[in-house]
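Enquirer:
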Amino acid sequence: MDYEKIFAEIEDIMHVDYAGALDKQDWPVKRPTTAVLQHIPDEESFVYLVQHYLQQYRDKHVFFSNDRVPQVTVGFTTRRYGAALYVLTADQEKRLSVGTAITAIDGLPIPAVAATHQLELDPVPERQRFKTILLTAKTITLADGQALPLHHFPQTAAPAVFAYRQLQADMGYVKMTNFTDYTAIHEFYQHHLAQIAELPKLIIDVRVNNGGDDQNFYPLLAAMFTGTVPHSTISPDTGMQINATPRNYHNWQRAVATILPNVDPALQPTLEDFIQMLKDHQHDGLIPFELPDTDTPDAPIQGNVQPHQVVVLSDYDCGSAGDSFVMAAKKSPQTTVIGRATYGVWDYANVTTQDWDHFHLMYPVSRTDWIDRGEGIDHVGVQPDIHLPWTPAMIKEDKDLAFAERFLNKRHQIKALVYV
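Residue numbers (the numbering used here): -5 to 414.
(1) Give every residue of the same chain whose Cβ lies closer than 8 angstroms to the Cβ of F401, excluding the five residues on either side of it in the sequence, and list them in chain order.
(2) Taking Q328 as the reference, which of A154, I7 and A217 has the closest Cα?
(3) Going by CA-CA distance only, name the one from S326, K404, I4 and Q50 that's closest to P224.
(4) Considering only their Cβ atoms, is the gap separating L31 from F1 smaller than 8 angstroms?
(5) Can you give the Cα-Cα distance for D138 and V81, rounded to whole angstroms?
(6) For T290 and T264, what's the separation of their Cα atoms in angstroms?
(7) Can you name the start and end residues of the beta strand (DSSP E) that Q377 belongs to?
(8) Where does I99 fall in DSSP's three states?
(9) Which residues in the same chain as H9 place their Cβ atom closer than 8 angstroms to its Cβ, once the five residues preceding and following it in sequence are excluded?
(10) Rounded to whole angstroms, what is the Cα-Cα separation between V359 and P35?
(11) Let me know the secondary structure DSSP gives T329 once reduced to three states.
(12) Are there 16 or more other CB atoms within 10 angstroms of the CB of K24, so buried, or fewer, so exposed?
(13) Drop a sphere of 10 angstroms on the beta-carbon of G76, count the other beta-carbons inside from all chains shown, and report buried for 16 or more, exposed for fewer.
(14) Residues in its own chain within less than 8 angstroms of R123 by CB, not counting five upstream and five downstream?
(15) Count the other CB atoms within 10 Å of the CB of K132; is the residue buried (16 or more) or exposed (fewer)?
(16) Which term fits R62, buried or exposed, when burial requires 16 or more other beta carbons within 10 angstroms of its beta carbon?
(17) Let me check understanding here. Comparing Cα to Cα, which of M271, P143 and T227 lies closest to W246?
(18) Starting from K195, trace the beta strand (DSSP E) both ways and give me its first and last residue.
(19) Just to check my reading of the structure: A78 and I104 have Cβ atoms closer than 8 angstroms, yes? What is that Cβ distance to the nearest angstrom?
(20) Near Q262, which residues of its chain fall below 8 angstroms by C-beta distance, leaving aside the five closest residues on each side in sequence?
(21) So which of T97, Q112, Q209 and H244 has the shortest CA-CA distance to I228?
(22) Applying the criterion that 16 or more other CB atoms from any shown protein chain within 10 Å of the CB defines a buried residue, is H302 buried or exposed?
(23) Less than 8 angstroms between CB atoms is the rule here; does L129 satisfy it with respect to chain B?
(24) For Y176, which of helix, strand or coil comes out of DSSP?
(25) Out of G221, L102, H146 and E192, point me to the one whose CA is closest to I295's CA.
(26) In the DSSP assignment, the beta strand (DSSP E) including K169 goes from what residue to what residue?
(27) Buried or exposed: which applies to E3, given that a residue is buried once 16 or more other Cβ atoms fall within 10 Å of its Cβ?
(28) Whole angstroms are fine: how far does the CA of V202 sit from the CA of G338?
(29) From Q377 to R334, what does the alpha carbon distance come to, in whole angstroms?
(30) For E284, which option in T347, R361, A260 and F319 has the closest C-alpha, if you only look at C-alpha atoms?
(31) I'd like to know if the stretch 308 to 323 and the stretch 185 to 201 are in contact, where contact means that at least 3 CB-CB pairs between them fall below 8 angstroms.
(32) Distance check for A157 and M165, CA to CA, integer angstroms please.
(33) Which same chain residues, not among the five before or five after K54, have their C-beta less than 7 angstroms away from its C-beta?
(34) Starting from M422, follow the beta strand (DSSP E) in both directions and report where the run begins and ends.
(35) Return the bridge partner residues of Q303 from the DSSP annotation.
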């Protein structure tokens, strides 16, 4: 396997075809040396090396994988607070308990590890993701001084959650961990949307939301608005550009040819126009993202007759379509976003794939123009209306939810007094 040749092509993609290539051309991204590339022992090591390289671009829509090497995890997840990492979940690593503090990785204190990997990590400590760093580490040190060798476990996807429960007689709670699974999401709406429409107070929890399709959250918006709301009201205030290069044209052409027979017939002309646009402009680089068949405005949001008081709970594990949902929520006069900023995976989108047999690089080819106004949300996220700083005490007690209940009850009382 010629790892050096594959890496050179990956590097070329990130410099030419990636939607953020021009924006990040002066970033101090460190590449592995030729000597390192020539002495990679196995495919798993190559995947980790490439992932470390790509993390420096800090774009969650960029990812490298290998079909022949199962994805693994250290068996637990963490969040940083101060000088320690705190265990959030430990489903597979039974030697750790939820809430355990980790003070060092491979003997280095957590702040020193963060400084070493500053190009890869978010500058805000509580938003730093140590997953890849832990995967290549040997040991961790706990707060009591105990050193534990790290083990690897097969990675399993957490089951999606689309849940509703009654918190109070007049208050409901909705949790959605993605906007991807059309069938499950719309089944949820069939069971609960009418009930949600009758509630004066509602909490929608997207603190963990892995994104998906914006259209899958539109029915939820009915609880946030009253009457008929034009789609432009909830749309992000940005245009889009596409990076038209020969590679991006060929990658998208191949992908669309595969999926086109199974796509909704109404969407097929749009996809075909998109491919034709890439073909006609494949040597033009960034161009306005405009398609001939997008002149018809999207259907408006039909809000409820009765206004609700709504809280949306957000955090940094909410991204992509999750970002879109929180942006839309913030445009509602009767909705308050509480928690922490979302992850911010929105500035670069429309992901395509470059394949090398069993290796795959996923990268976005479109770019939002609000970046030019200094209003991009990557690395920043969508800011909440009320910020609740994260602390380790939140691991075992849902302080966000308790705050949201108190907030809605108080706000509802004030509203009732106004109308007396």
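Just so you know, even glycine gets a beta-carbon here, dropped at the ideal spot from N, CA and C.
The structure displayed is predicted, hence computed values, not measured ones.
Expert: On the basis of the data shown:
(1) Position 407 of the sequence shown holds residue 401. Excluding sequence neighbours, F401 sits near V305, T330, I332 and I380.
(2) For the purposes of this step, residue 328 is taken as residue 334 along the sequence shown, with counting starting at 1. Checking every option, the nearest Cα to that of Q328 belongs to A217.
(3) In the sequence shown, counting from the first residue as 1, residue 224 sits at position 230. Taking only the C-alpha atoms, the option nearest P224 is S326.
(4) Translated into positions along the sequence shown, residue 1 becomes position 7. Translated into positions along the sequence shown, residue 31 becomes position 37. Their beta carbons are under 8 angstroms apart, which means F1 touches L31 by this criterion.
(5) As a working note, residue 138 is residue 144 in the sequence shown. As a working note, residue 81 is residue 87 in the sequence shown. D138 and V81 have their C-alpha atoms roughly 14 angstroms apart.
(6) For the purposes of this step, residue 290 is identified with residue 296 of the sequence shown, where counting begins at 1. For the purposes of this step, residue 264 is identified with residue 270 of the sequence shown, where counting begins at 1. Interpretation of T290 is limited by its pLDDT of 44, a score under 50 that renders its predicted location unreliable; no figure is taken from the coordinates.
(7) In the sequence shown, the residue the question calls residue 377 occupies position 383. Careful: Q377 lies outside any beta strand (DSSP E) and carries neither H nor E.
(8) Start at 1 with the first residue of the sequence shown, and residue 99 comes out as number 105. Note: I99 maps to strand in three-state DSSP.
(9) Position 15 of the sequence shown, counting from 1, holds the residue named residue 9. Cβ within range, chain order: A15 and Q19.
(10) Position 365 of the sequence shown, counting from 1, holds the residue named residue 359. Position 41 of the sequence shown, counting from 1, holds the residue named residue 35. About 32 angstroms.
(11) As a first step, residue 329 must be located in the sequence shown, where it is residue number 335. It is a strand residue.
(12) Locating residue 24 in the sequence shown gives position 30, where the first residue counts as 1. Label assigned to K24: exposed.
(13) Position 82 of the sequence shown, counting from 1, holds the residue named residue 76. Label assigned to G76: exposed.
(14) Mapped onto the sequence shown, residue 123 falls at position 129. Cβ within range, chain order: L115 and D116.
(15) On the sequence shown, position 138 is the one that residue 132 refers to. Exposed, by the Cβ-count rule.
(16) As a working note, residue 62 is residue 68 in the sequence shown. Looking at its Cβ environment, which holds fewer than 16 other Cβ atoms inside 10 Å, R62 is exposed.
(17) Sequence index remark: in the sequence shown, residue 246 carries index 252 (1-based). Out of M271, P143 and T227, M271 has the C-alpha closest to the C-alpha of W246.
(18) For the purposes of this step, residue 195 is taken as the residue at position 201 of the sequence shown. Note, K195: beta strand (DSSP E), K195 to D199.
(19) The residue given as residue 78 occupies position 84 in the sequence shown. The residue given as residue 104 occupies position 110 in the sequence shown. A78 to I104, Cβ: 6 angstroms. Contact.
(20) In the sequence shown, the residue the question calls residue 262 occupies position 268. Cβ neighbours of Q262 within its own chain (closer than 8 angstroms, five residues either side excluded): L254.
(21) Here the question's residue 228 lines up with position 234 in the sequence shown. For the residues T97, Q112, Q209 and H244, the minimum Cα distance to I228 belongs to Q209.
(22) Here residue 302 is taken as the residue at index 308 of the sequence shown, counted from 1. H302 comes out buried.
(23) No chain B is part of this structure, which consists of one protein chain only.
(24) Indexing the sequence shown from 1 puts residue 176 at position 182. In the structure shown, Y176 sits in a helix (DSSP, three-state: H, G or I).
(25) Walking along the sequence shown from the start, residue 295 turns up at place 301. Here the closest residue by C-alpha is G221.
(26) As a first step, residue 169 must be located in the sequence shown, where it is residue number 175. Taken as a continuous stretch (DSSP letters only), the beta strand (DSSP E) holding K169 covers M165 to M170.
(27) What you label residue 3 is simply residue 9 of the sequence shown in a count that begins at 1. So E3 ends up on the exposed side.
(28) Here the question's residue 338 lines up with position 344 in the sequence shown. Here the question's residue 202 lines up with position 208 in the sequence shown. Rounded to whole angstroms, G338 to V202 spans 13 angstroms at the Cα level.
(29) Counting from 1 along the sequence shown, the entry for residue 377 is found at position 383. Counting from 1 along the sequence shown, the entry for residue 334 is found at position 340. A straight line joining the alpha-carbon of Q377 with that of R334 spans about 7 angstroms.
(30) As a working note, residue 284 is residue 290 in the sequence shown. Selected option, being the one with the closest Cα: R361.
(31) yes
(32) The residue given as residue 165 occupies position 171 in the sequence shown. The residue given as residue 157 occupies position 163 in the sequence shown. One C-alpha to the other measures close to 14 angstroms.
(33) Position 60 of the sequence shown, counted from the start, is the residue given in the question as residue 54. Same-chain partners within the cutoff: G313, Y337 and V339.
(34) Shown here, the chain extends from -5 to 414; a query on residue 422 therefore has no answer.
(35) Within the sequence shown, residue 303 is the residue found at index 309, counting from 1. In the DSSP output, where bridge partners are listed per residue, Q303 has K195.
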